[in-house]
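Numbering (our numbering), first residue to last: 481 to 615.
Dropping the structure here:
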């Protein structure tokens, strides 16, 4: 069953994200997790089996667009549909809040993940993501 995670789940979630190759040294994944579970417009959804965190997805919105970050499924649990279920739960969370759009970023060289999202019916958007560090 997919359910919101809380602050005490930070270690398990960050370990899962690290295992899945989603973390980067310049990003504070624990800080990201804690801000999301503490935010009014965000949540981290997780799925556990026998106490073990098998998958998670951070979901938030800016009032118009919903965003998904850190979608990860443990190596040993892949191929069971958990990634699809997490995306469906993320979509449902956003729909419940009246958001008309969902989007997320995938590194362009991550072809396996791009194939996964293509299979779920997601398409590339014609835009560039620009940014800079504020810390």
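For each residue, glycine too, the CB sits at the ideal point set by N, CA and C.
Going by beta carbon distance, what residues of the same chain come within less than 6 angstroms of residue 533, once the five residues before and after it are set aside?
If you number the chain shown from 1, residue 533 lands on position 53. Hits under 6 angstroms: 492, 496 and 526.
Top-ranked residue by Cα proximity to residue 516, from 500, 488, 614 and 605
Against the chain shown, residue 516 aligns to sequence position 36. It is 488 whose Cα lies nearest to the Cα of residue 516.
Is the beta carbon of residue 539 less than 7 angstroms from the beta carbon of residue 484?
Along the chain shown, read from residue 1 onward, the residue named residue 539 stands at position 59. Along the chain shown, read from residue 1 onward, the residue named residue 484 stands at position 4. Taking 7 angstroms as the Cβ cut-off, residue 539 and residue 484 do not qualify as a contacting pair.
Cα-Cα separation between residue 583 and residue 601, rounded to whole angstroms
On the chain shown, position 103 is the one that residue 583 refers to. On the chain shown, position 121 is the one that residue 601 refers to. Inter-residue distance for residue 583 and residue 601 is about 12 angstroms (C-alpha atoms, whole angstroms).
On the premise that residue 490 lies in contact with residue 513, defined as a C-beta separation below 8 angstroms, what is that separation, rounded to the nearest angstrom?
Counting from 1 along the chain shown, the entry for residue 513 is found at position 33. Counting from 1 along the chain shown, the entry for residue 490 is found at position 10. Confirmed, about 5 angstroms.
Is residue 594 near residue 586, with beta carbons less than 7 angstroms apart?
Position 114 of the chain shown holds residue 594. Position 106 of the chain shown holds residue 586. Going by C-beta atoms, residue 594 is nearer than 7 angstroms to residue 586.
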